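To keep things clear, I will list the structure first and then write my remarks on it.
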């Protein structure tokens with residue numbers, strides 16, 4: 003067996019049995035080769051792909067915004083293009099996450115004769131990664147972001163420039179009388195109240211704002227893109243009124259209150275720790291004034 007035949011057999015075996023997806027697209031954007039794994043992944047027969055454009059297997063948005071731009075980039079630059087993205091195949095309809103490489107096939111006259119496609123389906127890994135990320139950043143009791151997420155977000159926001167459009171407010175909230183609830187009704191009831199508190203707080207902020215459970219009976223709210231700080235008084239009043247309404251748990255009507263301290267970036271503090279400290283001190287001033 004000569005060297006050419008040997009390598010042909012090796013590569014043929016790799017392409018036929020590998021779980022990765024292989025294809026060859028010519029200069030006219032038509033498939034001239036697809037591996038069985040490639041055809042199977044897109045729910046088609048090999049013969050249904052040969053001689054057809056990639057547009058045949060992707061939904062319009064995927065083709066126009068992901069496939070075509072990267073394919074053109076590879077051909078125009080005559081350099082490999084690597085990318086990862088969610089794609090939607092026409093015949094499968096389920097979004098899939100692929101790591102994809104486009105390798106230019108350079109002819110003897112130094113022109114791009116076609117593009118070699120190598121792709122790996124990592125959808126399950128990506129979904130597992132998303133679940134892990136959510137688990138690490140979400141409070142399991144209230145299903146809102148946790149302290150870790152909040153502090154990471156504060157770090158991110160305080161690294162940005164101090165333009166007026168970058169202003170935001172931190173509302174630090176602590177429930178009044180919650181210890182008495184736990185002592186009287188037990189922690190199971192207390193947990194249900196915390197869940198309901200999170201739901202009520204969510205109703206008084208915008209989608210772009212962030213509510214997080216900071217720990218225990220403490221919650222924090224980030225009001226982003228703060229233009230008019232007078233809105234903070236309105237939000238505060240709505241929250242105080244909402245939380246003052248009785249909570250119904252296990253046939254009991256239970257009342258708690260809430261104390262709120264506010265700090266504004268960058269007007270009052272420019273560091274994460276300083277913002278938290280200012281809001282925390284004002285929250286305790288509010289609580290002590292009630293007592």
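Numbering (the numbering used here), first residue to last: 3 to 293.
Note that CB positions come from ideal geometry on N, CA and C, so glycine has one too.
Bear in mind that the values here come from a model prediction, so they are computed numbers and not experimental data.
Practice problem: Could you please give me the residues that DSSP links to residue 171 through a beta bridge? | Solution: One-based indexing of the chain shown puts residue 171 at position 169. 225, 266.
Practice problem: Out of 172, 217, 193, 225, state which residue places its alpha-carbon closest to the alpha-carbon of residue 271. | Solution: Walking along the chain shown from the start, residue 271 turns up at place 269. Measuring from the Cα of residue 271, the nearest candidate turns out to be 172.
Quiz prompt | 8 angstroms Cβ cutoff met for residue 261 and residue 292 | solution = Counting from 1 along the chain shown, the entry for residue 261 is found at position 259. Counting from 1 along the chain shown, the entry for residue 292 is found at position 290. Yes, these two residues count as a Cβ contact at 8 angstroms.
Self-check item: Cα-Cα separation between residue 219 and residue 228, rounded to whole angstroms
Solution: To locate residue 219, count along the chain shown from 1; it is residue 217. To locate residue 228, count along the chain shown from 1; it is residue 226. Rounded to whole angstroms, residue 219 to residue 228 spans 26 angstroms at the Cα level.
Exercise. Enumerate in chain order the residues of its own chain whose CB-to-CB distance from residue 28 is below 6 angstroms, with the five nearest sequence positions on each side excluded.
Key: Against the chain shown, residue 28 aligns to sequence position 26. So the qualifying residues of the chain are 34, 116.
Exercise. Measure from the alpha carbon of residue 52 to the alpha carbon of each residue in 30, 65, 236, then state which is nearest.
Key: Sequence index remark: in the chain shown, residue 52 carries index 50 (1-based). Among 30, 65, 236, the Cα nearest to that of residue 52 belongs to 30.
Self-check item: Residue range of the beta strand (DSSP E) that includes residue 116
Solution: What you label residue 116 is simply residue 114 of the chain shown in a count that begins at 1. Where residue 116 is concerned, the enclosing beta strand (DSSP E) stretches over 114-123.
Quiz item: So residue 104 is in the alpha helix (DSSP H); what residue range does that whole segment cover?
Solution: Your numbering for residue 104 matches position 102 in the chain shown. That residue, residue 104, is in no alpha helix (DSSP H); its beta strand (DSSP E) goes 98-108.
Quiz prompt | Bridge partner(s) assigned by DSSP for residue 84 | solution = Taking the chain shown and counting its residues from 1, the one referred to as residue 84 is at position 82. Residue 84 pairs with 103.
Practice problem: For the region 84-91 and the region 49-66, state whether three or more C-beta atom pairs, one from each stretch, are separated by less than 8 angstroms. | Solution: yes
Self-check item: Extent of the continuous beta strand (DSSP E) run through residue 187
Solution: Working through the chain shown from its first residue, we reach residue 187 at position 185. No beta strand (DSSP E) contains residue 187, which is instead part of the alpha helix (DSSP H) from 180-187.
Self-check item: Coil, strand or helix - residue 33 by DSSP
Solution: On the chain shown, position 31 is the one that residue 33 refers to. In the structure shown, residue 33 sits in a strand (DSSP, three-state: E or B).
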